[in-house]
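S.K.: I am attaching a structure below and will ask some questions about it afterwards.
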Amino acid sequence: MPEKMEIDGVEVTFSEGETVLEVAQRHQKDIPTLCYDPRLEPFGGCRLCIVELEGARNPVASCTTKAASGMVVRTSTDTIEAYRKTLLEMVIGENREVDVHPLRGYASGELMSLRDKYEIEDTGITGAKSGTSKTDDNPFILRDYDLCISCYRCVRVCAEQEGDHAINVMNRGFHTQITTEFDGLLKDSACTFCGQCIQTCPTGALADKKALRSVDEVTDASLNKTRTICPYCGVGCSVDVLTNNEKIVGIHPAMDGPANQGALCVKGQFAYDFVQHPDRLKTPLIREEDGELHEATWEDALDKAAEGFRKVHAEHGRHSIYGIASGRAPSEAAYLMQKFIRVGFGTNYIDNCSRA
Amino acid sequence: MSNPLVDMQKPDVIFCIGTNMTECHPVAATGLKKAIARGAKLIVADPRRIGLAEMSHLYLPLRVGSDTALLLGMAHVIAREGLINEEFIENRTSGFDEFFEHISQWTPEWAESISGVPAKDIETAAMWYGSSDKAAIYYTLGITEHICGVENVQSLCNLALMTGNVGREGTGINPMRGQNNIQGAGDSGALPNNYPGFQSVTDPKHQEKFKAAYGKEIDLEKGITKVTALELCGDSIHAMLIDGENTLLSDPDREHCEHALRSLKHLVVIDIFLTETAELADVVLPATAWGETDGVCTNTERRVQRMRAAVPPPGEAKPDWWIICQIAKRLGFRGFDYDTPKPIFNELCHLSPIYAGLDWERIEKSEYQWPVPHKAHPGTPRLHEDTFVNGKGIFSNVHYRDPAETISDDFPVWLTTGRRLQSYHTRTQTGRAQGIDYLLPEESLEVNPADLEKWELADGEWCKMSSARGSITIKVKATNRSPRGTVFASFSFADVPVNLLTGSGYDPVTHTAELKVCPVKLEPL
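Going line by line, the protein sequences match chains A and B. Heads up: the first sequence runs through residues 103 to 458, numbered per this note's numbering. Heads up: the second sequence runs through residues 1369 to 1893, numbered per this note's numbering.
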């Protein structure tokens, strides 16, 4: 028998180990969070996910509270919403900038969205701003700590999701700062440049420096996403390719990717620009009598490709022709390569690049 | 892989051998790190002190090419200590009695004499693996790129079979595939021994099926492998169609390979760049790249997934499937009238029992792990749960063999090759991605610091590295990742063509090259 609890007056079921936040989210409750990433252990740092729990003196953080039988929870009372707004005003008040570009990272707009949802225009909080940006000459990860709200998502994703423990926290309180061991460059740390920190950051403090090269061309409205699979190793990570006017401007990991669950490596995250590199072949090439390759039309190139196979076949027989399929092209290409050899020449003279 | 990637978080004992997973399959390695954080024990066998070795609980630094000896020693201990799973052996396997007798001679002390791994560590590894309820094996090319690749894999299967570590969550024998669709290329029948769906070309049933489907008599015997084909270039092979492979840089013995391709009367290369291989072609046809092509690929856990075009291709580049169809049609071949990839994939599904339940629409909405034998089937995340494809799991009485070439007075150093995190294969892609050079600007030879003096080398200086096939110049990098007497370089950089040196031999069954072992000598420049 599944266990039962009550959320906002409705009886719901839950399974052992689920948190109140997880149960509430399953029932479409829109509870604000900043330090929460469903892939990570609950942290309870931002307190935005507080709910009223009957019998408890104070509101509890729903992300760290395990669901229990008979619990009665209210997720959105006036008091709770007032607390949340005050907490948000305090976070926003000490932050230098809340409006950030979507190219900064997958979650970079979270604080901005909450500000808009809670209609916070002027926090009324003046005084010192926290954070100090860090100069780091690496080409991938912008360390704009002026925008950091100390949610520790980057530290936790690096430790829990990646297992790299490259970044951590120095100082305390208002002076808290995310940094590497010995406060050095990422390159000199255990960082593998997988980009997970920039994708989980809810304010864009850690940001995709490579994607931001296109910041002047890209608006929210012009940015498109296409779901596909990473072009590198055999793990088959799902990614969303970010495009703007037919140009690839960045990559987001697919948080629901079955093979990667939001994880990527440096190649999948950052090594995409070979696709639109000027070196790409744009026309067919034919080797002409001068011994050099020259640009040609498709008609001429395909005719010459076919003619060569026809001649060799006529001269040396069907066992003189061999096909090598790609491990990088889609299966339709490999399937047709083997069909080409088997249907065309009646041989099994076909292989792919898996032997070396 | 016998088991899904999510299973990587589940084992109690993980045995990684010949896999540099944190660099070559970094995202898969995240699952393994989670298992360790949860309390799983990690055993790593690798000649090099790679990142995985650093995080292991037991590191077995074996000599390159001695895997079979190490694994026989482990099997010996598991049997000797009574850690075998008798019920599994009885119900699911055959040939154990002979195997039990076979391994009685291969003591851990003998294994130490071959592999250099202390016998007591071999015993510990065997005890951990053998006494765990859920033990999983992960391996990559460090197991297969040897002349004894088949024996290495069989040795791993022996361990899993004798302990029943297969067919359950958190167990299995899990090779990690190296390219985004290398699994799919095999699934699709681009193999000399199999029709699509791994249907043997020598089985009369499959011969009839494809004769009917393709309307063509096809050879009743297996074709030759790429390795053999390259050897026969100019002799009996005179024309080749190569799709998306930089054969010249990725294959062993570059000089031989270049000679082979140059001796062809007709070479057609389909690719996205003018690679070193394409430069030798008579006709080069520009293909659409990743991000520009709609299609299907299959990952290392047999998950069949959709790839989608996000941007238009440059210039006149066309999808590979379109190009192949155009050549076929000009030659009068039947069955190449496709306008989109969808009917091609559906035809593959129709002809492959492992894909029988799939079609373009189903893949569009979700991903399935094959086999998917019919339309109502949910897919098969875990293989061998109740039965093996061929009935029983068969023990293999393998013997250790030396590598094709062993170190000598002329070539006293072991070279082993592989890949690095920041570069991919021959760098046709990562070499053209901005920023990657910041992390890895050039190739260097990893040498143990204690070996520098003996070979008169200096950290950061150039050296000449030679094998029986050729020599290259490479920068020296002193690092404890390399053990004494063994050096490492990747084959990624065209200006440091390590595959000029490799190519000492091939596995006689799979024709996989022994890229992991190559005796060399090192001299200062």
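Where a beta carbon is used, it is the ideal one built from N, C-alpha and C, also for glycine. Owing to the predicted nature of the structure, the values given are computational and were not obtained by experimental measurement.
#1: Tell me whether the stretch 1626-1635 of chain B and the stretch 407-424 of chain A touch, counting them as touching only if at least three CB pairs, one residue from each stretch, are closer than 8 angstroms.
#2: With H, G and I counted as helix, E and B as strand and the rest as coil, what does DSSP make of H1393 (chain B)?
#3: Whose CA, out of A:F276, A:V351, A:I452, A:C256, lies closest to the CA of T282 (chain A)?
#4: According to DSSP, simplified to helix, strand and coil, what is Q1802 (chain B)?
#5: For the candidate residues B:A1413, B:I1418, B:A1437, B:L1439, whose alpha-carbon lies nearest to that of Y1427 (chain B)?
#6: Please list, in chain order, the chain B residues whose beta carbon lies closer than 7 angstroms to that of E264 (chain A).
#7: If you count every other CB in all the chains shown that lies within 10 Å of the CB of K1760 (chain B), and 16 or more means buried, which is it?
#8: Looking at the unbroken alpha helix (DSSP H) that takes in V1521 (chain B), where does it start and where does it end?
#9: Measuring only between beta-carbons, confirm whether Q440 (chain A) sits less than 8 angstroms from chain B.
#10: Name, going along the chain, the residues of the stretch 1651-1664 of chain B whose beta-carbon falls closer than 8 angstroms to a beta-carbon of chain A.
#11: Using Cβ-Cβ distances below 9 angstroms, what residues of the stretch 1569-1590 of chain B are close to chain A?
#12: Could you tell me which chain A residues have their CB closer than 9 angstroms to the CB of E1814 (chain B), listed as they occur along the chain?
#13: Run down chain B in chain order and give the residues with a C-beta less than 9 angstroms from the C-beta of T282 (chain A).
#14: Go ahead and label F1779 (chain B) buried or exposed: buried means 16 or more other beta carbons lie within 10 angstroms of its beta carbon, across all protein chains shown.
#15: Give me whichever residues DSSP pairs with V175 (chain A) in a beta bridge.
#16: Would L244 (chain A) and L287 (chain A) be called neighbours here (beta carbons separated by less than 8 angstroms)?
#17: Please say whether K1843 (chain B) and E1814 (chain B) have beta carbons closer to each other than 8 angstroms?
#18: Across which residues does DSSP place K1832 (chain B) in a beta bridge pair?
#19: So which of B:R1460, B:M1376, B:H1514 has the shortest CA-CA distance to G1873 (chain B)?
#20: Strictly below 7 angstroms CB to CB, what residues from chain A border P1557 (chain B)?
#21: Can you list, in chain order, the residues of its chain whose CB lies under 7 angstroms from that of R1702 (chain B), leaving out five sequence neighbours each side?
#22: Roughly how many angstroms separate the alpha carbons of M1376 (chain B) and V1651 (chain B), rounded to a whole number?
#23: Ordered along the chain, which non-local residues of its own chain (more than five positions away) have a Cβ less than 6 angstroms from that of P1654 (chain B)?
#24: Below 8 angstroms on the Cβ atoms is my contact criterion, and I expect S232 (chain A) with E196 (chain A) to pass it. Report the Cβ-Cβ distance as a whole number of Å.
#25: Less than 8 angstroms between the C-beta atoms of Q1797 (chain B) and L1808 (chain B), yes or no?
#26: Using a Cβ-Cβ cut-off of 8 angstroms, state whether I269 (chain A) counts as contacting chain B.
#27: Using a Cβ-Cβ cutoff of less than 8 angstroms, which residues in the same chain neighbour I1457 (chain B) once the five nearest sequence positions on both sides are dropped?
#28: According to the neighbour-count rule (16 or more other Cβ atoms, all chains shown, within 10 Å of its Cβ), is K1822 (chain B) buried or exposed?
#29: Closest by CA to E319 (chain A), which one among A:T345, A:Q363, A:G336, A:A398?
#30: Going along the chain, which unbroken runs of the alpha helix (DSSP H) with 4 or more residues stay wholly within the stretch 1440-1477 of chain B?
#31: From Y334 (chain A) to I109 (chain A), what distance separates their C-alpha atoms?
#32: Near E1753 (chain B), which residues of its chain fall below 8 angstroms by C-beta distance, leaving aside the five closest residues on each side in sequence?
#33: Evaluate N1549 (chain B) with the Cβ neighbour count: other Cβ atoms within 10 Å of its Cβ, from every protein chain shown; 16 or more gives buried, anything less gives exposed.
#34: Could you tell me which residues DSSP pairs with Y1736 (chain B) in its beta bridges?
#35: Quick one: give me the first and last residue of the beta strand (DSSP E) that P355 (chain A) is part of.
#36: If the criterion is Cβ atoms closer than 8 angstroms, does the pair A1724 (chain B) and P1746 (chain B) meet it?
M.R.: According to the data block:
#1: yes
#2: Taking the first residue of the second sequence as 1, we reach residue 1393 (chain B) at position 25. H1393 (chain B): coil per DSSP, three-state reduction.
#3: Here residue 282 (chain A) is taken as the residue at index 180 of the first sequence, counted from 1. Ranking A:F276, A:V351, A:I452, A:C256 by Cα distance to T282 (chain A) puts A:C256 first.
#4: One-based indexing of the second sequence puts residue 1802 (chain B) at position 434. DSSP, read as helix, strand or coil, puts Q1802 (chain B) in coil.
#5: If you number the second sequence from 1, residue 1427 (chain B) lands on position 59. The residue with the shortest Cα to Cα distance from Y1427 (chain B) is B:A1413.
#6: For this step, residue 264 (chain A) is matched to residue 162 along the first sequence. Those are T1398, listed as they occur along chain B.
#7: Translated into the one-based positions of the second sequence, residue 1760 (chain B) becomes position 392. Exposure of K1760 (chain B) is indicated by the presence of fewer than 16 other C-beta atoms within 10 angstroms of its C-beta.
#8: For the purposes of this step, residue 1521 (chain B) is taken as residue 153 along the second sequence, with counting starting at 1. First-last of the alpha helix (DSSP H) with V1521 (chain B): 1517-1531.
#9: Walking along the first sequence from the start, residue 440 (chain A) turns up at place 338. So yes, Q440 (chain A) belongs to the interface.
#10: Residues of the stretch 1651-1664 of chain B with a C-beta less than 8 angstroms from any C-beta of chain A: V1651, V1652, L1653, P1654, A1655, A1657, W1658, G1659, E1660, T1661, D1662, G1663, V1664, listed in chain order.
#11: V1569, F1578, Y1582, G1583, K1584, E1585, I1586, D1587, E1589, K1590
#12: Within the second sequence, the letter at position 446 stands for residue 1814 (chain B). Near E1814 (chain B) there are no residues of chain A at all, since even the closest Cβ is about 18 angstroms away, more than 9 angstroms.
#13: In the first sequence, the residue the question calls residue 282 (chain A) occupies position 180. The premise fails here: T282 (chain A) is roughly 15 angstroms from chain B at the closest Cβ pair, so nothing lies under 9 angstroms.
#14: Indexing the second sequence from 1 puts residue 1779 (chain B) at position 411. It is buried - the Cβ of F1779 (chain B) has at least 16 other Cβ atoms within 10 Å.
#15: Along the first sequence, one-based indexing puts residue 175 (chain A) at 73. In DSSP, V175 (chain A) forms a bridge with A:I109, A:L155.
#16: The sequence position of residue 244 (chain A) within the first sequence is 142, counting from 1. The sequence position of residue 287 (chain A) within the first sequence is 185, counting from 1. Going by C-beta atoms, L244 (chain A) is not nearer than 8 angstroms to L287 (chain A).
#17: Counting from 1 along the second sequence, the entry for residue 1814 (chain B) is found at position 446. Counting from 1 along the second sequence, the entry for residue 1843 (chain B) is found at position 475. Cβ distance not < 8 angstroms, so E1814 (chain B) and K1843 (chain B) don't count as in contact.
#18: If you number the second sequence from 1, residue 1832 (chain B) lands on position 464. Beta-bridge pairing links K1832 (chain B) to B:T1841, B:E1891.
#19: As a first step, residue 1873 (chain B) is located in the second sequence; it is residue number 505 there, counting from the start. Selected option, being the one with the closest Cα: B:H1514.
#20: Sequence index remark: in the second sequence, residue 1557 (chain B) carries index 189 (1-based). Checking the displayed sequence, the identity of residue 1557 (chain B) turns out to be Gly instead of Pro. By Cβ distance, chain A contributes Y437, Q440.
#21: Taking the first residue of the second sequence as 1, we reach residue 1702 (chain B) at position 334. Closer than 7 angstroms at the Cβ level, and outside the excluded window around R1702 (chain B), lie G1583.
#22: Within the second sequence, numbered from 1, the residue matching residue 1376 (chain B) stands at position 8. Within the second sequence, numbered from 1, the residue matching residue 1651 (chain B) stands at position 283. Roughly 45 angstroms between the two C-alpha positions.
#23: Walking along the second sequence from the start, residue 1654 (chain B) turns up at place 286. Around P1654 (chain B): A1685.
#24: Here the question's residue 232 (chain A) lines up with position 130 in the first sequence. Here the question's residue 196 (chain A) lines up with position 94 in the first sequence. So it is a contact: roughly 5 angstroms between Cβ atoms.
#25: The sequence position of residue 1797 (chain B) within the second sequence is 429, counting from 1. The sequence position of residue 1808 (chain B) within the second sequence is 440, counting from 1. No, these two residues do not count as a Cβ contact at 8 angstroms.
#26: On the first sequence, position 167 is the one that residue 269 (chain A) refers to. It does not: the Cβ of I269 (chain A) has no partner Cβ on chain B nearer than 8 angstroms.
#27: Taking the first residue of the second sequence as 1, we reach residue 1457 (chain B) at position 89. Answer for I1457 (chain B): F1464, L1529, M1530, G1532, listed in chain order.
#28: Residue mapping note: residue 1822 (chain B) aligns to position 454 of the second sequence, counting from 1. Under this definition K1822 (chain B) is an exposed residue.
#29: Along the first sequence, one-based indexing puts residue 319 (chain A) at 217. Of the listed residues, the one whose Cα sits closest to E319 (chain A) is A:T345.
#30: 1454-1460, 1464-1471
#31: For the purposes of this step, residue 334 (chain A) is taken as the residue at position 232 of the first sequence. For the purposes of this step, residue 109 (chain A) is taken as the residue at position 7 of the first sequence. Answer to the nearest angstrom: the Cα atoms are 45 angstroms apart.
#32: As a position in the second sequence, residue 1753 (chain B) is number 385, starting the count at 1. Hits under 8 angstroms: G1535, R1536.
#33: As a first step, residue 1549 (chain B) must be located in the second sequence, where it is residue number 181. Buried: at least 16 other Cβ atoms inside 10 Å.
#34: Locating residue 1736 (chain B) in the second sequence gives position 368, where the first residue counts as 1. According to DSSP, Y1736 (chain B) bridges with B:V1672.
#35: Taking the first residue of the first sequence as position 1, residue 355 (chain A) is located at position 253. Run containing P355 (chain A): 349-355, per the beta strand (DSSP E) assignment.
#36: Here residue 1724 (chain B) refers to the residue found at position 356 of the second sequence. Here residue 1746 (chain B) refers to the residue found at position 378 of the second sequence. Against a cut-off of 8 angstroms, the Cβ pair of P1746 (chain B) and A1724 (chain B) comes out as no contact.
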